[in-house]
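Chains as they are written, first to last, in the working numbering: chain A, 1 to 73; chain B, 74 to 236.
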């Protein structure tokens with residue numbers, strides 16, 4: 001009896017805690033729609049980061065950049 | 074015992090999913106006066122065609138829809154159209170800033186507690202409900218798609234005003 005009660009309580013707790021994970025409603029997206037959430041909010045910073053990735057990580061054409069990973073472009 | 078346990082789990086699951094009936098075409102729209110909305114609602118909506126439009130300052134298409142909605146209010150207001158724009162911003166100042174750039178002639182209220190919008194159960198921003206003279210939802214709109222949406226509104230408003 002006690003085990004069953006525990007199982008039910010555990011099940012309820014599991015459902016209540018896991019169901020709340022991804023419940024952002026359309027009218028609650030103010031924070032997500034904020035300018036600071038944009039990946040391209042800082043064009044200069046982004047260009048610098050792209051250059052670093054391109055030069056140091058031997059990334060070739062990862063973001064539309066041509067050439068090799070020598071950092072000489 | 075097993076059935077009881079399963080029922081209890083099922084009820085919990087329903088609660089957890091926060092299932093509630095969204096306002097659908099054919100059903101009566103909830104009474105706006107019961108939701109403690111900030112701002113002044115029109116005195117008498119009896120016999121009027123009402124558009125309840127949910128919007129927020131951060132929503133791009135909402136900004137596009139405002140001039141169009143204002144034009145609709147000016148065009149059909151005298152014939153009995155009432156547009157009520159319900160803001161769902163968390164901060165009142167965001168709404169006020171938005172309204173400075175988008176001055177409109179229709180009613181704007183704020184659903185600060187987001188109870189009405191929750192009850193309406195909308196799926197996109199903006200969303201609107203076109204109510205007939207009997208207060209029942211006749212048409213719904215999800216999003217704003219420029220001229221296409223305006224044409225739909227005009228057609229729907231004219232059909233309802235004729236009734």
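Glycine residues also receive a C-beta, built at the ideal position from the N, C-alpha and C atoms.
Please say whether residue j and residue i have beta carbons closer to each other than 8 Å?
i	j	result
residue 157 (chain B)	residue 182 (chain B)	yes
residue 193 (chain B)	residue 95 (chain B)	yes
residue 130 (chain B)	residue 179 (chain B)	no
residue 233 (chain B)	residue 152 (chain B)	no
residue 223 (chain B)	residue 99 (chain B)	no
residue 127 (chain B)	residue 188 (chain B)	no
residue 230 (chain B)	residue 154 (chain B)	yes
residue 145 (chain B)	residue 226 (chain B)	yes
From the options, pick the residue whose C-alpha is nearest to that of residue i; which is it?
i	options	result
residue 30 (chain A)	B:230, B:160 and B:220	B:160
residue 102 (chain B)	B:214, B:111 and B:125	B:125
residue 197 (chain B)	A:24, A:57 and A:37	A:24
residue 132 (chain B)	B:168, B:185 and B:77	B:168
residue 195 (chain B)	B:144, B:121, B:214 and B:230	B:214
residue 149 (chain B)	B:122, B:166, B:162 and B:174	B:122
residue 186 (chain B)	A:9, A:43, A:48 and A:28	A:28
residue 34 (chain B)	B:97, B:119, B:77 and B:142	Residue numbering for chain B in the displayed model covers 74 to 236; residue 34 (chain B) lies beyond these limits and cannot be assessed.
residue 26 (chain A)	B:173, B:212, B:236 and B:163	B:163
residue 165 (chain B)	B:174, B:184 and B:147	B:184
Quickly, what does DSSP pair residue i with across the bridge? List them, please.
i	result
residue 111 (chain B)	B:183
residue 104 (chain B)	BP columns for residue 104 (chain B) are empty, so no partner.
residue 127 (chain B)	B:159 and B:200
residue 96 (chain B)	In DSSP, residue 96 (chain B) forms no bridge with anything.
residue 8 (chain A)	The partner list for residue 8 (chain A) (beta bridge, DSSP) is empty, contrary to what the question assumes.
residue 122 (chain B)	B:154
Compute every distance between the C-beta of residue i and the non-hydrogen atoms of the ligand FMN, then say whether any falls below 7 Å.
i	result
residue 220 (chain B)	As presented, the structure is devoid of all ligands, the ligand FMN included, so that no description of it is given.
| message | If we require 3 or more residues per run, which beta strand (DSSP E) segments fall completely within the stretch 150-223 of chain B? | response | 154-160, 180-183, 200-204 and 210-215
| message | Does the contact criterion of 3 or more C-beta pairs under 8 Å hold for the stretch 201-214 of chain B versus the stretch 105-116 of chain B? | response | no
| said: Using a Cβ distance threshold of 8 Å, determine whether the stretch 207-224 of chain B contacts the stretch 132-145 of chain B, with at least three qualifying pairs required. | reply: yes
| field | Residues of the stretch 152-164 of chain B whose Cβ lies closer than 9 Å to any Cβ of chain C, in chain order | value | The chain inventory of the structure shown lacks chain C, comprising the protein chains A and B.
| field | Whole alpha helix (DSSP H) elements within the stretch 22-49 of chain A, 4-residue minimum | value | none
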